[in-house]
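Everything in the sequence shown is counted per our numbering, starting at 5 for the first residue and increasing by one.
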Amino acid sequence: MKEKRSFHFRTRFTGFRRSFFLLILLSLLNSGYSQKYLPLLRQLDSAISGSARYDTIKVKEIRELKLNKGEGKASSLYGHYLNLYEEYHIFSYDSANSYVKKMQEIANQQANDTLRAYAKIKQAFILISSGMFKEVFDTLSTVRLDLLNKLQQAEYYILMARSYYDLADYDHDDSYAPLYNGKGNRYLDSSLTLLPPHSFEYNYYSGLKNTKEGRLETAASYFENLMRDTSLSLHDLALTASTLSDIYIRKGETDTAIYLLIRAAISDIRSSTKETSATFNLASLLFNKGELQRASTYVQKAVSDALFYGARQRKLQLSSILPLIEAEKLNAVEREKRNISTYAVIITASFLLLVLLVVIIVRQVNKLKLAKKTITRAHELQSLVNAKLEEANKIKEEYIGYFFNGNSEFYTRIEKFKRSVETKIADRKLDEISFFVNNLNLKKEREELLKNFDQIFLKLFPNFIIEFNKLLKGEDQIRLKEGELLNTHIRIFALIRMGIHEPEKIAAILEYSVNTINTYKTKIKNKSILPNEDFERRVMEISSV
């Protein structure tokens, strides 16, 4: 029975659309799925990677079928178009629909009511795939069953059953859904009286009817017997495994459902079946298990198949799910940003406390973990902040030590000078006091201060002069005098590298006017190989040890 591939009743996506937000919340509470399915999942990943190859084989088979048109008679053409429809009806919606129209044209040319009725049955499957329920019922209501043989009548009843089942899933309403499911069951009863006993179709739809009526154990026995049949085609295997997985989902045995859906998805890909929901249903269960990456990959595959197939309803159903997954990814990124902002505030407060209280703060930064490629930049930013903070800590430690040592020596000299002066005053040796005061060499003290600054700075930034000269033109690079650690030009930008950017503060430290400082800076920037506005930024990028 060629049409057997057409009639499958997989879980519709309406229920998943309404429960997907709950899955998002639950996904963070689960750590993963059973490891025993990893080899099978790898097979699925491999099948997805090779799906283009399977599609190429499918297209080649269809191309060869198109070349064999028979004798060119109308009856032969009808059969030829029917065969092409069979190849396309789960592969490409538009192509299948076009061959249904060709079948109708041949039937109308021959004024053959039997062929016309059978073409309507084929058209009904296309309409169901597109979610056009009214059009399905309008089309099937005009079919004369007395013109069809038993198998064709069975197809009619199965399509009517599917239409009511799908309509019940779409409405998902306590008032109307039971009514529609009841009608579907009655139509399926009619089909079972016409199907050959022990055929795949008879067993499959017997299992489906028991499923719809809530007899899950009986239904499962039908599908499990079919799963043991090694002669099943890939499509029949996928159809059986996918429908059986619905039963295990309803029973709460999700691990078994995952196993069945993996097998169904692999078979669908290898048979180039695009009118399918196994991959999407699998993605939903894995998402519920906390496997966001695989769930995203499989949903993308499901959307790709829906777009390839071209049925409007299926594209709308699947496309509505993608924003939910992307929203979860964005939420994860936003949570990461908020965490980083919190840490930045803590780090800034710690830095201010270090400056104001002159204490060393022990930093603790929690390492953040996420599997999403979308937060890589956030991790890099955190690393950069940590590096900058570490550099700032090194600078502070060196200069705090220098501050205490320098001040200690200075206060020792002042204390010694004070005692000497007090002694001279007590002894009335005013001339010697004048001698001491006049011999105070403040210029030498200032030079010593700058020399100490230069030594500490070059200890922190040993390559500063080399990197600084790289920013200048060759002929304008700075050459220091013998014994000179830094000159005024470099010292200004050394202070800037230390984080002192205000000309007023630099002028106060070096005992120059603000205009003089600005003149020195402008003079250096004019010799740079960089635009003036980029020079200080590049200076700040010179790294410490």
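Glycine included, each C-beta is placed from N, C-alpha and C at the ideal position.
Residue closest to residue i, alpha-carbon to alpha-carbon, out of the options
i, options, result
"Ile52", "Tyr516, Ala224, Pro200, Thr283", "Thr283"
"Glu545", "Lys477, Phe497, Lys531", "Phe497"
"Asp59", "Lys154, Ser271, Ala430", "Ser271"
"Leu45", "Ala268, Tyr208, Tyr122", "Ala268"
"Met136", "Ile110, Arg166, Asp117", "Arg166"
"Asp49", "Glu452, Val303, Val147, Gln459", "Val303"
"Ile125", "Ser195, Asp150, Glu159, Ser102", "Glu159"
"Tyr169", "Tyr209, Arg232, Leu155", "Tyr209"
"Ala121", "Val147, Lys106, Ser133", "Val147"
"Arg450", "Glu515, Asn467, Leu358", "Glu515"
"Ala128", "Ala115, Asn229, Asp142, Tyr252", "Asp142"
"Val63", "Ile469, Asp178, Leu88", "Leu88"
"Ser1", "Ser179, Met164, Asp177", "Missing from the structure shown is residue 1; the chain here goes from 5 to 549 and no further."
"Ser275", "Glu91, Ile460, Lys525, Phe472", "Glu91"
"Ile460", "Leu476, Ser235, Phe472, Leu499", "Leu499"
"Met107", "Gly186, Ala123, Gly54", "Ala123"
"Thr260", "Ser281, Leu290, Asn153, Gly487", "Leu290"
"Asp309", "Ser55, Ser517, Thr258", "Ser55"
Inter-residue spacing [alpha-carbon to alpha-carbon] between residue i and residue j
i, j, result
"Lys509", "Arg501", "14 Å"
"Lys305", "Leu264", "18 Å"
"Asn456", "Ile513", "13 Å"
"Gln481", "Leu296", "55 Å"
"Asp173", "Gly188", "12 Å"
"Leu454", "Arg495", "9 Å"
"Leu32", "Thr301", "Low confidence applies to Leu32: its pLDDT is 41, below 50, so where it sits in the model is not reliable enough to give any reading."
"Asn370", "His505", "32 Å"
"Ile364", "Leu356", "11 Å"
"Leu243", "Ile94", "12 Å"
"Phe204", "Ser249", "18 Å"
"Leu149", "Ala299", "45 Å"
"Leu358", "Phe539", "29 Å"
"Gly478", "Ile470", "12 Å"
"Ser145", "Tyr41", "46 Å"
"Thr215", "Asp233", "20 Å"
"Ala115", "Leu86", "17 Å"
"Gly410", "Glu452", "The pLDDT assigned to Gly410 is 48, lower than 50, so where the model puts this residue is not dependable; a value taken from the coordinates is nonetheless given after this. One C-alpha to the other measures close to 10 Å."
"His176", "Lys138", "17 Å"
"Leu81", "Leu69", "12 Å"
"Asp458", "Lys448", "15 Å"
Where residue i sits in the DSSP three-state scheme
i, result
"Ser225", "helix"
"Leu550", "Residue 550 is absent from the model: the chain starts at 5 and stops at 549."
"Ser532", "strand"
"Leu476", "strand"
"Ala430", "helix"
"Leu86", "helix"
"Asn519", "helix"
"Gln481", "coil"
"Ser300", "helix"
"Ile546", "coil"
"Ile94", "coil"
"Glu295", "coil"
"Gly487", "coil"
"Gly218", "coil"
"Leu514", "helix"
"Thr197", "coil"
"Lys213", "helix"
"His493", "helix"
"Asn116", "coil"
"Pro182", "helix"
"Arg57", "helix"
"Ser35", "Low confidence applies to Ser35: its pLDDT is 43, below 50, so where it sits in the model is not reliable enough to give any reading."
Beta-carbon spacing of residue i, residue j below 9 Å
i, j, result
"Leu534", "Leu490", "no"
"Leu286", "Ile266", "yes"
"Tyr313", "Tyr161", "no"
"Ile130", "Leu119", "no"
"Asn72", "His84", "yes"
"Glu279", "Ser133", "yes"
"Ile528", "Pro507", "no"
"Leu241", "Ala223", "no"
"Lys293", "Ile251", "no"
"Phe465", "Ser548", "yes"
"Leu220", "Arg254", "yes"
"Leu192", "Leu155", "no"
"Asn185", "Asn207", "no"
"Ile351", "Arg367", "yes"
Closer than 9 Å to chain C by CB, residue i
i, result
"Ala223", "Absent here is chain C; the protein component of the structure consists of one chain."
Taking the runs of the alpha helix (DSSP H) that are 4 residues or longer, which of them lie wholly in the region 143-177?
Listed in chain order, they are 154-175.
Which runs of the alpha helix (DSSP H) fall wholly inside the region 252-278 and span at least 4 residues, in chain order?
Correct list: 258-274.
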